[in-house]
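What follows is one structure encoded as structure tokens, with my remarks underneath.
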Amino acid sequence: MKNLYHSTRNKEKYLHDYEAILQGIADDGGLYILDALGEEKVSIQKMIEYSYEEVAICVMERLLPSFTKEEIADCIDGAYTHTFDNEDITPINMVGNNAFLELFHGPTSAFKDVGLQMLPQLMSKALKRKDNHKVMILTATSGDTGKAALEGFKDVKNTAIQVFYPNQGVSEIQRLQMVTQQGSNVAVCALHGNFDDAQSQVKKMFNTKELQAAFQEDNITFSSANSINIGRLIPQVVYYFYAYIQMVRKQEIQIGEEVCFVVPTGNFGNVLAGYYAKLLGLPVHRFIVASNANNVLFDFLQSGVYDRKRKFHKTISPSMDILISSNLERLLYYMSDKNCNEVKEYMKELDQKGSYIVKPALKEHIQRLFYGSCCSDAQCEMMIKEVYETYGYVMDPHTAVGFKAMKDYQKVDQEHRCILLSTASPFKFSQQVYKAIFGKHLDLDEFAVMEVLARHSDTRIPENLYGLKDANIRFKDCIEKEQMQEYIRKTTKEIFYD
Ligand SMILES: *Cc1c(COP(=O)(O)O)cnc(C)c1O
């Protein structure tokens, strides 16, 4: 059992890492976890001269017991060679005395690339263990995930991906990123409605019996690229170690010294990966969980009450506009002494009543390691302006929410070094960033605003974003939800059989 995964909600069924990756979520609604995580530590001393790729092998093999070293190395090569525009993959950038861990150097300029470049590689190895199998990824997106998933799955053998985005509800840049996607196994389509409509329709498709039966007949597994998949989580553990190693090399910290990580948080995937790194031996004092106006996690960390019954705010850090942080379930499992029944109970209450209260001991346990902070749009804009004026460095709004949290935390702890996870390129949000710094909207198109911002900050616009200006539009369909099933069948047939 030691090398097998099981659901956070029961210990009756165990499965291999590769099966968990193909399935994504457990049948009982729980998330897959590995009990043995942390029993064997990763040695930082040993890795101190290692490249990102070498660190990735040491870390990922702890979480993928059925994979050989060669397989993992192969996946890392497929995921990160020539796809990131920085040789450190996730470089530390010292801005004054502040350490920014820049996670946005991948093909779509957001941190989700780190996970979504890797997931298809792992899936493709998993498929090799199941003869003649194919996987069809179905995803609804509010913007970033869809594009990052498309880039990751593009031309990966025996996989295909269909992304639906709401025709009202993604930014112009995000839309362009998706409808111009290259690759022979990808499909993108707009759906009438908003993100919630798209999301619930896609969920419905996963439960449509006819569709499932048709897929099964053709040996096709239906899967999602959701952030609860361990195949997205595992690669994220790597950059926590690599960040620490870079800080040691830069002589910003001593080896063994405890640090804090500040994490702009939505679904709790990123910060959970940090917790996994700590379990694997990384010296972490605390994690600072940064939320925007959707401050469910902030309240939870204060009170021990998780209550999603509240107003949903649309903010300028949209990838963190989330009221249910799914990956928190994994933290509850580990921190409740691996008590499946307790976790199941909390999740049942969340589902039925919209809230749950954790036991006092669990609350204290969590509070010792996690500190919450939240931030309004106005405060977020102030941070962007302040950092630009002080250092000439331009942050995106998600990172700025983190910067505010870091400042809050440094009022109570001056002893530990903080590392701030920078989750998106500012050029993905040029209009908002420009307005934050200069106090007004620029009445120009997205690309012109990018150019202005680049001039003012003396930085280069990522090619993947600027290139959209002249890119060919490939996908023009916009359908009604009733047409979805038919549409998916058609794409699947075209991709796998034509
Ligand atoms: C997804 C996302 C986040 C939130 O990460 P989680 O793992 O969902 O907590 C933060 N910033 C950006 C730019 C993102 O795309």
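Numbering (our numbering), first residue to last: 85 to 582.
By construction, the Cβ of each residue, glycine as well, lies at the ideal position given by its N, Cα and C atoms.
Predicted model only: the values in this text are computed from it and were never measured.
> What whole-angstrom Cβ distance do residue 203 and residue 242 have, given they're in contact under 8 Å?
Replying inline: The count along the sequence shown starts at 1 and reaches residue 203 at position 119. The count along the sequence shown starts at 1 and reaches residue 242 at position 158. Rounded, the Cβ-Cβ distance is 14 Å, inconsistent with contact.
>> Classify residue 259: buried if its beta carbon has 16 or more other beta carbons within 10 angstroms, exposed otherwise.
In response: Mapped onto the sequence shown, residue 259 falls at position 175. Flag for residue 259 reads buried.
>> So, for residue 146: in the same chain, excluding its five sequence neighbours on each side, which residues have a beta-carbon less than 8 Å away from its beta-carbon?
In response: As a position in the sequence shown, residue 146 is number 62, starting the count at 1. Cβ neighbours of residue 146 beyond the five flanking positions: 121, 124, 126 and 364.
> Between residue 481 and residue 540, what straight-line distance do the alpha-carbon atoms span, to the nearest angstrom?
Replying inline: One-based indexing of the sequence shown puts residue 481 at position 397. One-based indexing of the sequence shown puts residue 540 at position 456. Approximately 17 Å between the Cα atoms of the pair.
>> Within 8 Å, do at least three Cβ pairs link the segment 430–438 to the segment 529–538?
In response: no
> If we ignore side chains and look at the alpha-carbon of each, how far apart do residue 153 and residue 544 end up?
Replying inline: As a first step, residue 153 is located in the sequence shown; it is residue number 69 there, counting from the start. As a first step, residue 544 is located in the sequence shown; it is residue number 460 there, counting from the start. Between the alpha carbons of residue 153 and residue 544 lies a distance of about 36 Å.
> Of all the options 475, 264, 286 and 426, which has the alpha carbon lying nearest to the alpha carbon of residue 177?
Replying inline: As a first step, residue 177 is located in the sequence shown; it is residue number 93 there, counting from the start. Looking at the Cα atoms, 475 is the closest of the given residues.
>> For residue 303, which residues in the same chain have their Cβ closer than 7 Å to its Cβ, ignoring the five residues on either side in sequence?
In response: As a position in the sequence shown, residue 303 is number 219, starting the count at 1. If we look at residue 303 and ignore the five residues flanking it on each side, its Cβ neighbours are 216, 217 and 218.
> The beta strand (DSSP E) with residue 306 in it runs from where to where?
Replying inline: Counting from 1 along the sequence shown, the entry for residue 306 is found at position 222. Looking at the DSSP string, the run of the beta strand (DSSP E) that includes residue 306 is 304–307.
> Closer than 8 Å, CB to CB, is residue 412 near chain D or not?
Replying inline: This model lacks chain D altogether, as it is built from one protein chain only.
> When the Cα atoms are used, what is the spatial distance from residue 552 to residue 389?
Replying inline: On the sequence shown, residue 552 is found 468 positions in, with the first residue counted as 1. On the sequence shown, residue 389 is found 305 positions in, with the first residue counted as 1. Distance between the alpha carbons of residue 552 and residue 389: 44 Å.
> Sorry if obvious, but does the Cβ on residue 348 come closer than 7 Å to a heavy atom of ligand 1?
Replying inline: By 1-based counting over the sequence shown, the position of residue 348 is 264. Because some heavy atom of ligand 1 lies under 7 Å away, the Cβ of residue 348 counts as near it: yes.
> Relative to ligand 1, is the shortest distance from any of its heavy atoms to the C-beta of residue 311 smaller than 7 Å?
Replying inline: Your numbering for residue 311 matches position 227 in the sequence shown. Yes, the beta carbon of residue 311 sits closer than 7 Å to at least one heavy atom of ligand 1.
> Does ligand 1 have even one heavy atom less than 7 Å from the beta-carbon of residue 352?
Replying inline: Sequence index remark: in the sequence shown, residue 352 carries index 268 (1-based). Yes, the beta carbon of residue 352 sits closer than 7 Å to at least one heavy atom of ligand 1.
> If you measure from the CB of residue 226, is any heavy atom of ligand 1 nearer than 7 Å?
Replying inline: For the purposes of this step, residue 226 is taken as the residue at position 142 of the sequence shown. False, no ligand heavy atom lies under 7 Å from that Cβ.
>> Rounding to the nearest angstrom, what Cα-Cα distance links residue 245 and residue 270 in this structure?
In response: Residue mapping note: residue 245 aligns to position 161 of the sequence shown, counting from 1. Residue mapping note: residue 270 aligns to position 186 of the sequence shown, counting from 1. Going by the C-alpha atoms only, they are around 5 Å apart.
>> Quick check on residue 561: buried or exposed, where buried means 16 or more other Cβ atoms within 10 Å of its Cβ?
In response: One-based indexing of the sequence shown puts residue 561 at position 477. Residue 561 comes out exposed.
>> In whole angstroms, give me the CA-to-CA distance for residue 440 and residue 280.
In response: The sequence position of residue 440 within the sequence shown is 356, counting from 1. The sequence position of residue 280 within the sequence shown is 196, counting from 1. Computed Cα separation, rounded: 23 Å.
> For residue 293, which option in 578, 569 and 575 has the closest C-alpha, if you only look at C-alpha atoms?
Replying inline: For the purposes of this step, residue 293 is taken as residue 209 along the sequence shown, with counting starting at 1. Selected option, being the one with the closest Cα: 569.
> Any heavy atom of ligand 1 within a distance shorter than 7 Å of the CB on residue 457?
Replying inline: Here residue 457 corresponds to residue number 373 of the sequence shown, with the count starting at 1. It does not: the Cβ of residue 457 is nowhere closer than 7 Å to a heavy atom of ligand 1.
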